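Number 441 in this note's numbering belongs to position 6 of the sequence shown; there are no gaps in the numbering. Glycine residues also receive a C-beta, built at the ideal position from the N, C-alpha and C atoms. As the structure is a computational prediction, the values presented were derived from the model and not from experiment. Structure first, then comments.
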Amino acid sequence: MTGVDLSELRWVKSTYSNNGGYCVEVAPAGLPGRLPVRDSKDPQGPVLVFPEAAFTAFVAAVKSGGLGEV
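Laid out in structure tokens, this is it:
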């Protein structure tokens, strides 16, 4: 992916975050059909971009316990 200034996106962190340092931020309205994800401790660091449907399925699996204990 090139030509996209990810620093201009509106990044959000879960309201469940307790500021313990193990959080990710997402930019839900940043890229159509894709979801940028970054480490909240390193906002200038690398960004992973997932298909939105795949990330939604991953979060649902974590919530339901489908991936075991996390």
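(1) Would you identify the three-state DSSP class for Leu470, choosing helix, strand or coil?
(2) How many angstroms separate the CA atom of Ala488 from the CA atom of Ala495?
(3) Expressed to the nearest angstrom, what Euclidean distance is found between the alpha-carbon atoms of Glu443 and Asp474?
(4) Let me confirm a value: Leu470 is counted as buried when at least 16 other C-beta atoms fall within 10 Å, else exposed. Which label applies?
(5) In this structure, what does DSSP give as the bridge partners for Pro486?
Let's see:
(1) Position 35 of the sequence shown, counted from the first residue, corresponds to residue 470. In this structure, Leu470 counts as strand in the three-state DSSP scheme.
(2) The residue given as residue 488 occupies position 53 in the sequence shown. The residue given as residue 495 occupies position 60 in the sequence shown. For Ala488 and Ala495, the distance between alpha carbons rounds to 11 Å.
(3) Position 8 of the sequence shown holds residue 443. Position 39 of the sequence shown holds residue 474. Answer to the nearest angstrom: the Cα atoms are 16 Å apart.
(4) Here residue 470 corresponds to residue number 35 of the sequence shown, with the count starting at 1. That one is buried.
(5) Locating residue 486 in the sequence shown gives position 51, counting from the first residue. Arg469.
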